[in-house]
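Sequence lines, in order, name chains A and B. 1 is the number of the first residue of the first sequence in our numbering; add one for each residue after it. 345 is the number of the first residue of the second sequence in our numbering; add one for each residue after it. We put the beta carbon where it would ideally sit given N, CA and C, even for glycine. A short write-up of the structure that comes next.
Number of protein chains: 2
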Amino acid sequence: MKKGHQVTMKEIAKKLGVSVSTVSRALKDSPELHPDTKKRITEMAKSMNYQYNLLAQSLRISKSKVLGVIVPELTSHFFSSNISGIQDTAYKRGYNIMICQSNESFEQEKANLKTLVSSQVDGLLISLSRETKSYEHLQELYDREIPFIMFDRVTEEIPVSKVTVDDAHGAYLAVKHLLNQGCKKIAYFSGPTDLYISKKRKEGYLEALAEFGIPEKDSKVYVTDLTTEMNRKVTLDMLKEKELPDAIFAMIDPLAIDIMIALKDSGIKIPEQIALAGFTNNPTSAVVEPSLTTISQPGYEMGQLAANHLLDQLDDIVSDEPQSFVLLTTLIERKSSLKNQNLS
Amino acid sequence: MKKGHQVTMKEIAKKLGVSVSTVSRALKDSPELHPDTKKRITEMAKSMNYQYNLLAQSLRISKSKVLGVIVPELTSHFFSSNISGIQDTAYKRGYNIMICQSNESFEQEKANLKTLVSSQVDGLLISLSRETKSYEHLQELYDREIPFIMFDRVTEEIPVSKVTVDDAHGAYLAVKHLLNQGCKKIAYFSGPTDLYISKKRKEGYLEALAEFGIPEKDSKVYVTDLTTEMNRKVTLDMLKEKELPDAIFAMIDPLAIDIMIALKDSGIKIPEQIALAGFTNNPTSAVVEPSLTTISQPGYEMGQLAANHLLDQLDDIVSDEPQSFVLLTTLIERKSSLKNQNLS
């Protein structure tokens, strides 16, 4: 992939005050457009020295009928659910998928992108690695007009469609539930603070506290790198403090389960002494003792929606105009937080 | 991929009583071989009308530096561990990997193979779907001399290298452990009986019983399709029988956990009334209550070994002669089976 600025359809669209898909249709000589509009657009394209991207064009025409998918990791239940949703949808529509994982590495994400583009996939679905903080590789993909959309781990820097879940609202639901159980001192166990979901879920945590009249200065945040060792250490260190929380909201379920094990090992009763809630709804969370209250993220549905939207773009069923889809999360009440009732 | 018989290097090797890699070296004009040997081989190749596979050749020379991987499913912890092992190894050796999942479907496995071969991967690592009972697609790959090896779900029909775990021995270890705990009536909960691992693990189960003087007629096998619903139903039906087992060996951990939940719901004490052991060592198995005794399968190591062996073949570090690697499994003792001791 060589660099250097190329005039894009987006720039032509902006100059003329029309949509990118109108430009795209004009350059494809679509019969849907008025001849005058087509003429205006093709003349502008010519005057701006627009190079119709022949590679992207031939990709679209040749139709490998393959989508490329890049995810940070495959061992996560959430991402493997995304992939199942993508694959089932793609397969129904006559496409196969090839998957690469970045292993949370920026370098590997770039290598994955190169590999999939060389394989002439018709389009890509991308979820960013934890390390990805610059976006030239995606900008280049965008400039080359290779269709792609982003899901779950996205960036606002690139104007393509995005599918995410409402992280802040999910966290708000979990913390509000703990407050409704009578908990008053709720701690938030967070992953690395520069992670998008760490921030978003903290927002929801603070919002629920505020709603119950608890100011931010009375909030309590513990940060871990999300390794089992550090999750355990942070929990045991917390237990040495003078004043303990009466509830913990953990950013993700695997962290919640590490906290649960450390609390149980220290003789703390859950939920009586400390109530606990997570976020993700991994299968494990239903079978631990006590079963874990959590927020369900619709991973499979997210994959379905992302794949359907990309394929709709490829098939010109919808325009290439970027759209943002936000899926709702739901609270799943289980034993780890229910102080007032008995639930099986 | 078109069909039709092509003379293979293997057939030339057989005619001359030499190895496939000797034929391969002769046709590549390797300086390691004696000129007479080279002459003998190239003349035979000519007389048999051997078509040196230019596509495979160019693939080997062009070196996309990408390996293709096909697994039955990505949601399984075992296969995602395999992939991590493959990816880490490939990455260290300068290769990227593209992954396809067959979703346990024979048709999708064939489509995956076509997709990856079209993408000009340098080689493939394949684990078969549950449905795969004929092997023409693999035979064709073999005839086209595209390098590949198989792992975990393999077939003896195709003469390529294979990496597997010792399923029968692992099952033997689990059942022997239950017998050593004083259990005398051990039931085997099996998946569909035509699955390779159902058979192999049953062999190990029967072998352990035999060693303790229990004949096959006193064994007890329950079969499920491995869905959570049926796992639960089979367990609850078993509990209605007059005589209950004092231990259960479950073919895989997810089945063991479904059994555990059904037993607990029915008020059965584990391990006091019924001891329980699984096979896989999923992360969940350590955190359920009681923690699950299981057999550890070295999934990551299997991926490493498979990738290293394939890359060694591609780099001519080892010959293309098929080899079989069998990795050992180990017993992990946890609370669900320990009747005589206390373990944390």
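Beta-bridge partners of residue i, as assigned by DSSP
| i | result |
| --- | --- |
| residue 75 of chain A | Paired residues: none, contrary to the question. |
| residue 323 of chain A | In DSSP, residue 323 of chain A forms no bridge with anything. |
| residue 186 of chain A | A:247 |
| residue 541 of chain B | Paired residues: none, contrary to the question. |
| residue 442 of chain B | B:412 |
| residue 620 of chain B | B:592 |
| residue 367 of chain B | Paired residue(s): none; residue 367 of chain B is not in a bridge. |
| residue 476 of chain B | DSSP output for residue 476 of chain B lists no bridge partner at all. |
| residue 492 of chain B | B:468 |
| residue 332 of chain A | A:294 |
| residue 154 of chain A | Looking at the DSSP assignment, residue 154 of chain A forms no beta bridge with any residue, so it has no partner. |
| residue 164 of chain A | A:326 |
| residue 222 of chain A | A:189 |
Local Cβ density within 10 Å of residue i, reported as buried at 16 or more and exposed below that
| i | result |
| --- | --- |
| residue 35 of chain A | exposed |
| residue 348 of chain A | Nothing can be reported for residue 348 of chain A: it is not among the residues displayed for chain A, which extend from 1 to 344. |
| residue 326 of chain A | exposed |
| residue 340 of chain A | exposed |
| residue 537 of chain B | exposed |
| residue 544 of chain B | buried |
| residue 347 of chain A | Residue 347 of chain A is absent from the structure shown; chain A starts at 1 and stops at 344. |
| residue 170 of chain A | buried |
| residue 129 of chain A | buried |
| residue 48 of chain A | exposed |
| residue 620 of chain B | buried |
| residue 674 of chain B | exposed |
| residue 390 of chain B | exposed |
| residue 145 of chain A | buried |
| residue 672 of chain B | exposed |
| residue 524 of chain B | exposed |
| residue 616 of chain B | exposed |
| residue 31 of chain A | exposed |
| residue 299 of chain A | buried |
Within-8 Å CB hit, residue i to chain A
| i | result |
| --- | --- |
| residue 631 of chain B | yes |
| residue 644 of chain B | no |
| residue 605 of chain B | yes |
| residue 361 of chain B | no |
| residue 601 of chain B | yes |
| residue 540 of chain B | no |
Partner residues on chain A for residue i, Cβ-Cβ distance less than 9 Å
| i | result |
| --- | --- |
| residue 570 of chain B | Those do not exist, as residue 570 of chain B stays about 14 Å from chain A at its closest Cβ, beyond 9 Å. |
| residue 440 of chain B | 100, 108, 111, 112, 114 and 115 |
Neighbouring residues, chain B, relative to residue i (Cβ below 7 Å)
| i | result |
| --- | --- |
| residue 101 of chain A | 431 |
| residue 248 of chain A | Within 7 Å Cβ-Cβ: nothing; residue 248 of chain A doesn't reach chain B, min ~17 Å. |
Closer than 8 Å at the beta carbon, the chain A residues around residue i
| i | result |
| --- | --- |
| residue 421 of chain B | 75 |
Beta-carbon neighbours of residue i, restricted to chain B and to distances below 9 Å
| i | result |
| --- | --- |
| residue 252 of chain A | Those do not exist, as residue 252 of chain A stays about 14 Å from chain B at its closest Cβ, beyond 9 Å. |
Amino acids of chain A, ordered along the chain, whose beta-carbon sits closer than 7 Å to that of residue i
| i | result |
| --- | --- |
| residue 730 of chain B | In the structure displayed, chain B extends from 345 to 688; residue 730 of chain B sits before or after that span and is not available. |
| residue 516 of chain B | Residues of chain A passing the Cβ test: none, with the nearest at roughly 27 Å. |
Closer than 8 Å to chain B by CB, residue i
| i | result |
| --- | --- |
| residue 146 of chain A | no |
| residue 222 of chain A | no |
| residue 50 of chain A | no |
| residue 47 of chain A | no |
| residue 142 of chain A | no |
| residue 91 of chain A | yes |
| residue 104 of chain A | no |
Contacts that residue i makes with chain B (C-beta to C-beta distance below 8 Å)
| i | result |
| --- | --- |
| residue 80 of chain A | 418, 419 and 424 |
| residue 83 of chain A | 418 and 445 |
(request) With 9 Å as the limit, tell me which residues of the region 453 to 483 of chain B have their beta carbon closer than that to any beta carbon of chain A; keep them in chain order. (result) 455, 456, 458, 459, 460, 462, 463, 464 and 465
(message) By the 8 Å beta-carbon criterion, what residues does the region 266 to 295 of chain A contribute toward chain B?
(response) 283, 284, 287, 288 and 289
(message) If the cut-off is 7 Å on Cβ atoms, which residues from the region 322 to 341 of chain A count as contacting chain B, listed in chain order?
(response) none
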